[in-house]
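A.B. asks:
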Amino acid sequence: MRTRIIICEGSPIVTAGLNAYFEDQQQIVVVANLDTPERLSERVLASDCDMLIIDPLLLGYSERDLPEKLKKNHPQLVILALVKTYIDPNLLVLYDGVIEINDTQQSVMAKLGEWKNQKNASNKNEDGNVDLSKRENDVLVAVAKGMTNKEISDRLNISIHTVISHRKNISKKTGIRSVSGLTVYALLNNLISESEVYK
Amino acid sequence: MKLADLIVEHPNLLFLLPRFGIALGFGDHNVAEVCRQYGISPACFLLICRVYSNDSFVPRHNDLNAVNMENLFSFLKTSHRYYLKTRIPHIERLLQEVVRSCHARYGDMLQRFFEDYKTEVIHHFDYEEKTVFPYIEQLIDNKHPNDFSIDEFKHNHSNVEDTLNDLMNIIIKYLPTDIDQENRIAISFAIIELSNDLNRHTLIENRVLIPYVELLENAWS
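As given, the protein sequences belong to chains A and B, one line each in that order.
Just so you know, we're using numbering that gives the first Met the number 0 here: the first sequence kicks off at 0 and counts up by one.
Just so you know, we're using numbering that gives the first Met the number 0 here: the second sequence kicks off at 0 and counts up by one.
1) At the level of alpha carbons, what is the spacing between Ala-109/A and Val-43/A?
2) Can you give me the Cβ contacts of Asp-49/A inside the same chain, cut-off strictly under 6 Å, excluding the 5 residues immediately before and after it?
3) Return the residues of the region 49 to 75 of chain A that lie within a Cβ-Cβ distance of less than 8 Å from chain B, sorted by chain order.
4) Would you mind working out which of Asn-116/A, Leu-81/A, Val-82/A sits nearest Gln-250/A, comparing C-alpha positions?
5) Since Phe-221/B contacts Phe-19/B with CB under 8 Å, what's their CB separation in whole angstroms?
6) Answer yes or no: do Leu-163/B and Ile-190/B have a C-beta to C-beta separation smaller than 7 Å?
7) Do Pro-55/A and Ala-19/A have their C-beta atoms within less than 7 Å of each other?
8) Give me the chain A residues within the contact set of Arg-59/B, using Cβ-Cβ distance strictly less than 8 Å, ordered along the chain.
9) Can you tell me which of the three DSSP states Glu-99/A falls into?
10) For Phe-112/B, decide whether its Cβ has a neighbour in chain A, counting only Cβ atoms nearer than 7 Å.
11) Residues of the region 156 to 171 of chain B in Cβ contact with chain A at a cutoff of 8 Å, in chain order, please.
12) Nearest CA to the CA of Leu-94/B: which residue from Val-212/B, Arg-199/B, Leu-214/B, Asn-182/B?
13) Using DSSP with H/G/I as helix, E/B as strand and the rest coil, what is Arg-206/B?
14) Any C-beta of chain A within less than 8 Å: which residues of the region 33 to 44 of chain B qualify?
15) Cα separation between Thr-14/A and Ile-6/A?
16) Excluding five sequence neighbours on each side, which residues of the same chain lie with their C-beta closer than 6 Å to the C-beta of Ser-220/B?
17) If you scan the region 28 to 55 of chain A from start to end, which runs of the alpha helix (DSSP H) of 4 or more residues do you find wholly inside it?
18) Alpha carbon to alpha carbon, what distance is there between Ser-192/A and Lys-70/A?
19) Confirm the yes/no value for this check: CB of Val-13/A, any heavy atom of the ligand FAD, distance under 6 Å.
20) Which partner residues of Val-162/A appear in the DSSP bridge assignment?
21) Check the DSSP bridge columns for Cys-7/A and list the partner residues they point to.
22) Where do the ends of the beta strand (DSSP E) carrying Lys-90/B lie?
23) Should Ile-78/A be labelled buried (16 or more other beta-carbon atoms within 10 Å of its own) or exposed?
24) Kindly list the residues whose CB is nearer than 8 Å to the CB of Asn-124/A, restricted to its own chain and excluding five residues on each side of it in sequence; keep chain order.
25) Measuring CA to CA, which of Ala-65/B, Gln-36/B, His-60/B, Asp-54/B is closest to Leu-45/B?
26) Checking contacts by CB at 7 Å: is Asn-124/A closer than that to chain B?
27) Against Val-97/A, what residues of chain B qualify as contacts under a CB-to-CB distance less than 9 Å, listed in chain order?
28) Over what stretch of residues does the beta strand (DSSP E) that includes Val-33/B continue unbroken?
29) Rounded to the nearest angstrom, how far is the Cβ of Leu-90/A from that of Arg-63/A, given a contact under 8 Å?
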């Protein structure tokens, strides 16, 4: 599916430049170019877009939390700041990511791909299968026994990266992040016995 | 503005008053008068209230000029004590009720879990009060210790709400249905309230304390 993008930027030169970047990209379509953030929320809704690229400086002082408000109504929306000058880092944390004025076409595409995937990954499990897979169960039990990622990777013969990705999925499915919480979960589900945990 | 009017408009701020040492019964005095009576900078008081009552308010550099470090420290430390002495024990009492009513096997694990949580919170606050705050005090005294920077705190500033959220998931989703429904609901509400409060407390540290100290550090370099 193509990524539908709205660009909200005051400078026609920059807007044209970004559009040129996206022009020959099969998987991207720019659905609107706006030069003001007026009625942005409605435009996002009406155009069914997945991504908003916006110059944070277009938002006045009282509107600077707009990204947060938009995300409340459109949780799937990826919001990127288009940064041309120094902007307070406290402000930038409200955005999913940053495109800088010096970025090459390649680096913009790489960033877009990454953000899109992150967003997909974080939404995928919302209503999906909540049961843990066999492998996730193995990792969960190992975590509950107090093993480190390195130890788990050695024991199960998988890379540390894979261990971490299993742990992320376990937390996403159960809503439990801490080791002590996962231990309780494992005990409640009889995946592990007290004697294996509390020595 | 009268302090009473401010509170009526943002009732959440009632939680903050005791942490500033302000007692109810301040009559019709305005914010500045009450603050002065308690030795608090009105500007600093209002800045903290604003961050606390508005999630999306990110103070700018100019706003940070209002910070009075003595007031802010005392506020943060009193808040820590309040969480440890009042709010967490409240949840603990409710949890004890649940523990009493369920099988020892579940009771034990819940208790261990909560003990771990308390240790985590105490450790978190201790780190702030024994490492971070003294560092800031030295900065204010015009000494610049080289062995620490606020950046380190920024990156290690863990979230004590995560574990609370885990407890909530366990209580709502995973404890068997035959265990004490009433107290489980009460605990869930207590957790939501505490977690909201801790979130706002973290906002004050991340949006006021850290940026202010960064300004101090920049002035040094």
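No residue lacks a Cβ here, since even glycine has one placed at the ideal position from N, Cα and C.
Every value quoted in this text rests on a predicted model; they were computed, and no experiment measured them.
C.D. replies: Taking the definition as stated:
1) Here residue 109/A refers to the residue found at position 110 of the first sequence. Here residue 43/A refers to the residue found at position 44 of the first sequence. Taking the straight line joining both Cα atoms gives about 23 Å.
2) The count along the first sequence starts at 1 and reaches residue 49/A at position 50. When the five nearest sequence neighbours on each side are left out, the beta carbons in the same chain lying within less than 6 Å of the beta carbon of Asp-49/A are those of Thr-2, Arg-3, in order along the chain.
3) Residues passing the 8 Å Cβ filter: Arg-63, Asp-64, Glu-67, Lys-68.
4) For chain A, the structure presents residues 0 to 198; residue 250/A sits outside this window and is missing.
5) Nothing about residue 221/B can be reported from this structure: the residues present for chain B run from 0 to 220 only.
6) As a position in the second sequence, residue 163/B is number 164, starting the count at 1. As a position in the second sequence, residue 190/B is number 191, starting the count at 1. Against a cut-off of 7 Å, the Cβ pair of Ile-190/B and Leu-163/B comes out as a contact.
7) Reading the first sequence from its first residue, position 56 is the one you call residue 55/A. Reading the first sequence from its first residue, position 20 is the one you call residue 19/A. Result no, Cβ atoms of Pro-55/A and Ala-19/A do not sit closer than 7 Å.
8) The sequence position of residue 59/B within the second sequence is 60, counting from 1. Chain A residues near Arg-59/B: Asp-87.
9) Locating residue 99/A in the first sequence gives position 100, counting from the first residue. The answer is strand: DSSP assigns Glu-99/A an E or B state.
10) For the purposes of this step, residue 112/B is taken as residue 113 along the second sequence, with counting starting at 1. So yes, Phe-112/B belongs to the interface.
11) In summary, the residues of the region 156 to 171 of chain B whose CB is separated from some CB of chain A by less than 8 Å are Asp-161, Thr-162, Asn-164, Asp-165, Leu-166, Asn-168, Ile-169, in the order they occur in the chain.
12) If you number the second sequence from 1, residue 94/B lands on position 95. Taking only the C-alpha atoms, the option nearest Leu-94/B is Asn-182/B.
13) In the second sequence, residue 206/B corresponds to position 207, counting from 1. DSSP places Arg-206/B in the helix class (H, G or I) of the three-state scheme.
14) Here the close residues number zero.
15) In the first sequence, the residue the question calls residue 14/A occupies position 15. In the first sequence, the residue the question calls residue 6/A occupies position 7. Between Thr-14/A and Ile-6/A, the C-alpha separation is close to 7 Å.
16) The sequence position of residue 220/B within the second sequence is 221, counting from 1. For Ser-220/B, where only same-chain residues beyond five positions count, there are no Cβ hits under 6 Å.
17) The region 28 to 55 of chain A contains these whole alpha helix (DSSP H) runs: 39 to 46.
18) Start at 1 with the first residue of the first sequence, and residue 70/A comes out as number 71. Start at 1 with the first residue of the first sequence, and residue 192/A comes out as number 193. So the alpha carbons of these two residues sit roughly 42 Å apart.
19) With respect to small molecules bound, the structure shown includes none, and the ligand FAD cannot be examined in it.
20) Working through the first sequence from its first residue, we reach residue 162/A at position 163. According to the DSSP secondary-structure assignment, Val-162/A is paired through a beta bridge with no residue.
21) Mapped onto the first sequence, residue 7/A falls at position 8. DSSP lists Leu-33/A, Ile-53/A as partners of Cys-7/A.
22) Taking the second sequence and counting its residues from 1, one reaches residue 90/B at position 91. Residue 90/B is actually Ile in this sequence, not Lys. Looking at the DSSP string, Ile-90/B is not in any beta strand (DSSP E); the run it does join, the alpha helix (DSSP H), is 87 to 100.
23) Translated into positions along the first sequence, residue 78/A becomes position 79. Flag for Ile-78/A reads buried.
24) As a position in the first sequence, residue 124/A is number 125, starting the count at 1. Residue placement at Asn-124/A is poorly supported in this model, since its pLDDT is 48, which falls under 50; the coordinates still yield a value, given next. Only Asn-168, Lys-171, Lys-172 meet the Cβ criterion.
25) As a working mapping, residue 45/B is identified with position 46 in the second sequence. Ranking the options by Cα distance to Leu-45/B, first place goes to Ala-65/B.
26) Translated into positions along the first sequence, residue 124/A becomes position 125. Caution is warranted here: a pLDDT of 48 is assigned to Asn-124/A, below 50, making its placement in the model unreliable, and the coordinate value is therefore given only provisionally. Chain B, which has no Cβ nearer than 7 Å to the Cβ of Asn-124/A, makes this no.
27) What you label residue 97/A is simply residue 98 of the first sequence in a count that begins at 1. What Val-97/A touches in chain B: nothing, since even the nearest Cβ is about 16 Å away.
28) Residue numbering aside, residue 33/B sits at position 34 when the second sequence is read from its first letter. Per DSSP, Val-33/B lies in no beta strand (DSSP E); the unbroken alpha helix (DSSP H) holding it starts and ends at 30 to 36.
29) Your numbering for residue 90/A matches position 91 in the first sequence. Your numbering for residue 63/A matches position 64 in the first sequence. Between Leu-90/A and Arg-63/A the beta-carbon gap is near 6 Å, inside 8 Å, which marks them as a contact.
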